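There are 2 protein chains.
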Amino acid sequence: VNDRILRAARRQPVDVTPVWIMRQAGRYLPEYRAVREKIDFLPLCKTPDLAAEVTVQPVRRLGVDAAIIFSDILIPTEAMGMELELGDRGPHFPSPLRTAADIEKLTVPDPMERTGFVAEAIRKTRAALHDSVPVIGFAGAPFTLAAYMVEGGGSKSFILIKRLLFEQPKLAHALFDRLTRTLIPYLEMQVEAGARIVQIFDSWGGELSPRDFETFSLPYLTRMVRALQAKGVPVIVFGTAMSTHLPLLRKTGADVLGCDWRIELDQARALAGPDVALQGNLDPLALFLPAADVEHRVADILRRAGPVGHIFNLGHGILPPTSPDAAKHLVETVHRLGCHVTAPPTP
Amino acid sequence: VNDRILRAARRQPVDVTPVWIMRQAGRYLPEYRAVREKIDFLPLCKTPDLAAEVTVQPVRRLGVDAAIIFSDILIPTEAMGMELELGDRGPHFPSPLRTAADIEKLTVPDPMERTGFVAEAIRKTRAALHDSVPVIGFAGAPFTLAAYMVEGGGSKSFILIKRLLFEQPKLAHALFDRLTRTLIPYLEMQVEAGARIVQIFDSWGGELSPRDFETFSLPYLTRMVRALQAKGVPVIVFGTAMSTHLPLLRKTGADVLGCDWRIELDQARALAGPDVALQGNLDPLALFLPAADVEHRVADILRRAGPVGHIFNLGHGILPPTSPDAAKHLVETVHRLGCHVTAPPTP
Numbered sequence: 097v098n099d100r101i102l103r104a105a106r107r108q109p110v111d112v113t114p115v116w117i118m119r120q121a122g123r124y125l126p127e128y129r130a131v132r133e134k135i136d137f138l139p140l141c142k143t144p145d146l147a148a149e150v151t152v153q154p155v156r157r158l159g160v161d162a163a164i165i166f167s168d169i170l171i172p173t174e175a176m177g178m179e180l181e182l183g184d185r186g187p188h189f190p191s192p193l194r195t196a197a198d199i200e201k202l203t204v205p206d207p208m209e210r211t212g213f214v215a216e217a218i219r220k221t222r223a224a225l226h227d228s229v230p231v232i233g234f235a236g237a238p239f240t241l242a243a244y245m246v247e248g249g250g251s252k253s254f255i256l257i258k259r260l261l262f263e264q265p266k267l268a269h270a271l272f273d274r275l276t277r278t279l280i281p282y283l284e285m286q287v288e289a290g291a292r293i294v295q296i297f298d299s300w301g302g303e304l305s306p307r308d309f310e311t312f313s314l315p316y317l318t319r320m321v322r323a324l325q326a327k328g329v330p331v332i333v334f335g336t337a338m339s340t341h342l343p344l345l346r347k348t349g350a351d352v353l354g355c356d357w358r359i360e361l362d363q364a365r366a367l368a369g370p371d372v373a374l375q376g377n378l379d380p381l382a383l384f385l386p387a388a389d390v391e392h393r394v395a396d397i398l399r400r401a402g403p404v405g406h407i408f409n410l411g412h413g414i415l416p417p418t419s420p421d422a423a424k425h426l427v428e429t430v431h432r433l434g435c436h437v438t439a440p441p442t443p
Numbered sequence: 097v098n099d100r101i102l103r104a105a106r107r108q109p110v111d112v113t114p115v116w117i118m119r120q121a122g123r124y125l126p127e128y129r130a131v132r133e134k135i136d137f138l139p140l141c142k143t144p145d146l147a148a149e150v151t152v153q154p155v156r157r158l159g160v161d162a163a164i165i166f167s168d169i170l171i172p173t174e175a176m177g178m179e180l181e182l183g184d185r186g187p188h189f190p191s192p193l194r195t196a197a198d199i200e201k202l203t204v205p206d207p208m209e210r211t212g213f214v215a216e217a218i219r220k221t222r223a224a225l226h227d228s229v230p231v232i233g234f235a236g237a238p239f240t241l242a243a244y245m246v247e248g249g250g251s252k253s254f255i256l257i258k259r260l261l262f263e264q265p266k267l268a269h270a271l272f273d274r275l276t277r278t279l280i281p282y283l284e285m286q287v288e289a290g291a292r293i294v295q296i297f298d299s300w301g302g303e304l305s306p307r308d309f310e311t312f313s314l315p316y317l318t319r320m321v322r323a324l325q326a327k328g329v330p331v332i333v334f335g336t337a338m339s340t341h342l343p344l345l346r347k348t349g350a351d352v353l354g355c356d357w358r359i360e361l362d363q364a365r366a367l368a369g370p371d372v373a374l375q376g377n378l379d380p381l382a383l384f385l386p387a388a389d390v391e392h393r394v395a396d397i398l399r400r401a402g403p404v405g406h407i408f409n410l411g412h413g414i415l416p417p418t419s420p421d422a423a424k425h426l427v428e429t430v431h432r433l434g435c436h437v438t439a440p441p442t443p
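As they're listed, the protein sequences go chains R and E.
Using my numbering, the final residue of the first sequence is 443, and nothing's skipped along the way.
Using my numbering, the final residue of the second sequence is 443, and nothing's skipped along the way.
Written out as structure tokens, the structure reads:
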């Protein structure tokens, strides 16, 4: 059984640096697109057989060291009572949160009752893989989910969610608390179904200044991290454009901090301190470089990360036009060079 | 004559911390919207009388320490031969750069011949203000302009421009070189018309990893900074999500580095080193906070920046729903507290 990712998350020695890829079950894979021709994104998330099938696809093709369950961070918001539309063009809430009454109406759902299909997909994935690699469970961070729910979808300036923080901070905290009380049992359910490590995506946390991140995101991340660690699994916290928040993120007590490609991992290590693992951080677009250049960049990342406490990944999700062969070459390169590199090869 | 911004840019003592606001001539001002009811964005940029009028508006209303000329970073791309559409929903190039031949067709225009209206607007602004405050000239950075020209507008993942960098680096460098040879004379023209300080916007530079930023943006920024400094004006370089690039940005030799709100200015100072001024960095959304909280945040920024080498600004452009009174209160607060603050007031 391959437990490299669990060992690396706990800063234990590994034979080879573990690697997985954010959005590894996705549109860049022809076998995923074949499934998607038959079913839309949200129904796919809710059909355990098919969700397990696409979850397993990249493990088979790429040889990654973990399977991240195919789902979406916004699934729990629907369970709370939000109408949700998901598609390749991004999420959309036709009735975004606009008033205190809208927020008051949100329920704290029973996770098995409303989102049991995620647990079922995890069980089916484990069976299909014969537990050969760990399954990663995941959820969004309360701030990030609230940003989507208030803005109604993605945003450029995050005017509405930030106005909520700045003009009605008590109401914002009430929303974050309700989300936290939803997300902890939701992740606990995933662990009970067999997820052996979880990642929390604070995708928009980097939009906040350090002081606002500390006030409006950090306390809820910390609650989630502690609750999941109490269930015996290591926790990864990831966001983009959050390099300057690394010293704060460390305070969550997370086992692993995910880094986007905007920072070198040795610089990230200096900010995050010695007692946490790091995940990352190749620019997803670097998979369009010639193979030799990819190898050089992988070696450089491995060298900067050091041999202990590093989970290799892209700095963000893999993009649809990426070649599956480039992804496979990346995984092979990490496995070939990881834990053996002390200096980058000559370019 | 108020030369605070020039003195602060050169790290000379000032009586009061200077302040201006990115997009201070914009839709949040009713007098700007009144002008825009009569004329579209791009024609407004090309009509010196009206461009000067909206440039002067925030100086009169807010009492800021500089007037930034009303224009757009994409103006020079049209002069190079690109068809350009500008509007409140963002820029659009109907025929983006897609081939080597597209790039080869771009001209290096004579700035007075093709963009003389910018110089004329600067002269009219100076006359209207009787040179009471300095005029700021500006341009985009080559990487940022290329990103717009290749993507055809804004982008989420910058797939096309990054594929150009990674798959055809020589062609990318040829494009950046041509842009640099356009932008230096374009800024020199602005200085000759009376701009006394210039800002270079590398709005998308933060999308690049440090190594790619160093390869594909830094050399061209450095050429621009040196050329403009040779004309006797201080140079500000600004981008968002670029905190981790501050040690690299320092290598441009820029007089001032602009910071977004994602980093505290004392942390920025540690990364940028002692011999450069800093500009920033209040979150534009913080103008929706109660007045007392804004004052507390201003005091905190001033304290972290220190009394020398600081130009106060927002960390990004002011947003349309902002109250003009909140902007005025910000300027007054900086003028009241700047250079006198050693510790933040009790919140």
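The beta-carbon is built from N, C-alpha and C at its ideal position, and this holds for glycine as well.
Everything numeric in this text was worked out from a predicted model, so none of it was measured.
query = So, using beta-carbon positions, are Ala104 (chain E) and Ala291 (chain E) closer together than 9 Å?
reply = The residue labelled residue 104 (chain E) in the question sits at position 8 within the second sequence. The residue labelled residue 291 (chain E) in the question sits at position 195 within the second sequence. Result no, Cβ atoms of Ala104 (chain E) and Ala291 (chain E) do not sit closer than 9 Å.
request  = Count the C-beta pairs between the region 350–360 of chain R and the region 383–390 of chain R that are closer than 8 Å, then say yes if the count reaches three, no if not.
outcome  = no
request  = Could you give the DSSP three-state label for Glu179 (chain R): helix, strand or coil?
outcome  = Position 83 of the first sequence, counted from the first residue, corresponds to residue 179 (chain R). Glu179 (chain R) falls in the coil class under three-state DSSP.
Assigned secondary structure, Leu385 (chain R) (DSSP; H/G/I helix, E/B strand, else coil) = As a working mapping, residue 385 (chain R) is identified with position 289 in the first sequence. Note: Leu385 (chain R) maps to coil in three-state DSSP.
ask   = Skipping 5 residues on each side, what residues in its chain have a beta carbon closer than 6 Å to that of Ala196 (chain R)?
value = Taking the first residue of the first sequence as 1, we reach residue 196 (chain R) at position 100. Contacts found: Leu267.
inquiry  = Just to confirm before moving on: does the CB-CB distance between Ile280 (chain E) and Ile232 (chain E) stay below 9 Å?
reply    = Your numbering for residue 280 (chain E) matches position 184 in the second sequence. Your numbering for residue 232 (chain E) matches position 136 in the second sequence. Contact flag unset, no.
inquiry  = I'd like to know whether the C-beta of Ser452 (chain E) is nearer than 9 Å to at least one C-beta of chain R.
reply    = Because chain E in this structure spans residues 97 to 443, residue 452 (chain E) falls outside the shown range and cannot be described.
message = Taking contact to mean 3 or more Cβ pairs, one atom from each stretch, closer than 8 Å, check whether the region 253–261 of chain R and the region 171–185 of chain R are in contact.
response = no
message = Under 9 Å, Cβ to Cβ, is there at least one residue of chain E near Lys258 (chain R)?
response = Here the question's residue 258 (chain R) lines up with position 162 in the first sequence. Answer yes: the Cβ-Cβ gap between Lys258 (chain R) and chain E drops below 9 Å somewhere.
key: Between the CA atoms of Trp357 (chain E) and Arg346 (chain R) - distance to the nearest angstrom   = Taking the first residue of the first sequence as position 1, residue 346 (chain R) is located at position 250. Taking the first residue of the second sequence as position 1, residue 357 (chain E) is located at position 261. Rounded to whole angstroms, Arg346 (chain R) to Trp357 (chain E) spans 20 Å at the Cα level.
query = What does a CB cutoff of less than 8 Å around Val131 (chain E) pick up in its chain, not counting 5 residues either side in sequence?
reply = Residue mapping note: residue 131 (chain E) aligns to position 35 of the second sequence, counting from 1. Cβ neighbours of Val131 (chain E) beyond the five flanking positions: Leu140, Leu146, Glu149 and Val150.
key: Contact list for the region 338–367 of chain E against chain R, Cβ threshold 7 Å   = Ser339, Thr340, Trp357, Arg358, Ile359, Glu360 and Gln363
ask   = Gly302 (chain E) touches chain R at which residues, Cβ-Cβ below 7 Å?
value = Within the second sequence, residue 302 (chain E) is the residue found at index 206, counting from 1. By Cβ distance, chain R contributes Arg358.
Unbroken stretches of the alpha helix (DSSP H), 4 residues or longer, contained in the region 324–367 of chain E = 342–346
inquiry  = Is the beta carbon of Leu170 (chain R) closer than 9 Å to that of Leu180 (chain R)?
reply    = What you label residue 180 (chain R) is simply residue 84 of the first sequence in a count that begins at 1. What you label residue 170 (chain R) is simply residue 74 of the first sequence in a count that begins at 1. Taking 9 Å as the Cβ cut-off, Leu180 (chain R) and Leu170 (chain R) qualify as a contacting pair.
ask   = Hey, would you say Tyr124 (chain E) sits closer than 9 Å to Ile414 (chain E), going by beta carbons?
value = Here residue 124 (chain E) is taken as the residue at index 28 of the second sequence, counted from 1. Here residue 414 (chain E) is taken as the residue at index 318 of the second sequence, counted from 1. Yes, these two residues count as a Cβ contact at 9 Å.
query = What residues from the region 376–389 of chain R come within 7 Å of chain E, judged by C-beta to C-beta, listed N to C?
reply = Asp379, Leu381, Ala382, Phe384 and Leu385
ask   = Taking the alpha carbon of Gly376 (chain E) as the point to measure from, which residue in E:Asp161, E:Arg210 and E:Trp116 has its own alpha carbon closest?
value = In the second sequence, residue 376 (chain E) corresponds to position 280, counting from 1. Checked all of E:Asp161, E:Arg210 and E:Trp116; the closest Cα to Gly376 (chain E) is E:Trp116.
query = DSSP puts Arg377 (chain E) in a beta bridge; with which residues?
reply = Against the second sequence, residue 377 (chain E) aligns to sequence position 281. The sequence as given places Asn at residue 377 (chain E); Arg does not occur at that position. Paired residue(s): E:Asn409.
request  = Could you give the DSSP three-state label for Ile414 (chain R): helix, strand or coil?
outcome  = Taking the first sequence and counting its residues from 1, one reaches residue 414 (chain R) at position 318. It is coil, neither helix nor strand.
inquiry  = Are the CB atoms of Met178 (chain E) and Met245 (chain E) within a distance shorter than 9 Å?
reply    = Along the second sequence, one-based indexing puts residue 245 (chain E) at 149. Along the second sequence, one-based indexing puts residue 178 (chain E) at 82. In this structure, Met178 (chain E) lies closer than 9 Å to Met245 (chain E) by Cβ.
message = Quick check on Cys435 (chain R): buried or exposed, where buried means 16 or more other Cβ atoms within 10 Å of its Cβ?
response = In the first sequence, residue 435 (chain R) corresponds to position 339, counting from 1. When all chains shown are included, Cys435 (chain R) counts as buried.
key: Residue environment, Val97 (chain R), which counts as buried when at least 16 other CB atoms sit within 10 Å   = Locating residue 97 (chain R) in the first sequence gives position 1, counting from the first residue. Answer is exposed; the Cβ neighbour count stays below 16.
ask   = Could you give the distance in angstroms between the alpha-carbon of Leu324 (chain E) and the alpha-carbon of Thr348 (chain E)?
value = Locating residue 324 (chain E) in the second sequence gives position 228, where the first residue counts as 1. Locating residue 348 (chain E) in the second sequence gives position 252, where the first residue counts as 1. Using only the alpha carbons, I get a separation of about 12 Å.
query = Can you tell me whether Pro114 (chain E) is buried or exposed, with buried defined as 16 or more other CB within 10 angstroms of its CB?
reply = On the second sequence, position 18 is the one that residue 114 (chain E) refers to. Buried: at least 16 other Cβ atoms inside 10 Å.
key: Selection of the region 206–228 of chain R by Cβ proximity to chain E, strictly under 9 Å   = none
key: Below-9 Å beta-carbon distance, His269 (chain E) vs any chain R residue   = If you number the second sequence from 1, residue 269 (chain E) lands on position 173. No, His269 (chain E) lies away from the interface with chain R (no Cβ there is under 9 Å from its Cβ).
ask   = Ordered along the chain, which non-local residues of its own chain (more than five positions away) have a Cβ less than 7 Å from that of Pro330 (chain R)?
value = Within the first sequence, residue 330 (chain R) is the residue found at index 234, counting from 1. Answer for Pro330 (chain R): Leu102, Ala105, Arg106, Ile293, Asp351 and Val352, listed in chain order.
inquiry  = Taking 9 Å as the threshold (C-beta atoms), are Leu378 (chain E) and Val404 (chain E) in contact?
reply    = Numbered from its first residue, the second sequence carries residue 404 (chain E) at position 308. Numbered from its first residue, the second sequence carries residue 378 (chain E) at position 282. Not a contact, by the Cβ cut-off of 9 Å.
request  = Sort out for me which residues DSSP pairs Ile232 (chain E) with in a bridge.
outcome  = Within the second sequence, the letter at position 136 stands for residue 232 (chain E). Ile232 (chain E) pairs with E:Ile164 and E:Ile293.
task = Would you list, in chain order, the members of the region 167–194 of chain E that have their beta-carbon closer than 8 Å to a beta-carbon of chain R?
result = none
task = State yes or no: is the beta carbon of Thr438 (chain R) nearer than 9 Å to at least one beta carbon in chain E?
result = Along the first sequence, read from residue 1 onward, the residue named residue 438 (chain R) stands at position 342. Any reading at Thr438 (chain R) must be qualified, since the residue scores a pLDDT of 44, below 50, and its modelled position is unreliable; no value is offered.
ask   = Apart from the five residues just before and just after Met118 (chain E), which ones in its own chain have a Cβ nearer than 7 Å to its Cβ?
value = For the purposes of this step, residue 118 (chain E) is taken as residue 22 along the second sequence, with counting starting at 1. Only Asn409, Leu410, His412, Gly413 and Ile414 meet the Cβ criterion.
ask   = In angstroms, rounded to a whole number, what distance separates the CA positions of Pro443 (chain E) and Ser167 (chain R)?
value = Reading the second sequence from its first residue, position 347 is the one you call residue 443 (chain E). Reading the first sequence from its first residue, position 71 is the one you call residue 167 (chain R). With a pLDDT of 46 at Pro443 (chain E), under the threshold of 50, the predicted position of this residue should be treated as unreliable, though the coordinate-derived value follows. Looking at the two C-alpha atoms, the distance is approximately 43 Å.
ask   = So which residues of chain R does Gly263 (chain E) contact, with C-beta pairs closer than 9 Å?
value = Within the second sequence, the letter at position 167 stands for residue 263 (chain E). Before going further, note that residue 263 (chain E) is Glu rather than Gly in the sequence given. Phe384, Leu385 and Pro386, listed in chain order.
key: Delimiting residues of the alpha helix (DSSP H) encompassing Cys435 (chain E)   = Translated into the one-based positions of the second sequence, residue 435 (chain E) becomes position 339. From DSSP, Cys435 (chain E) is part of no alpha helix (DSSP H); its letter is neither H nor E.
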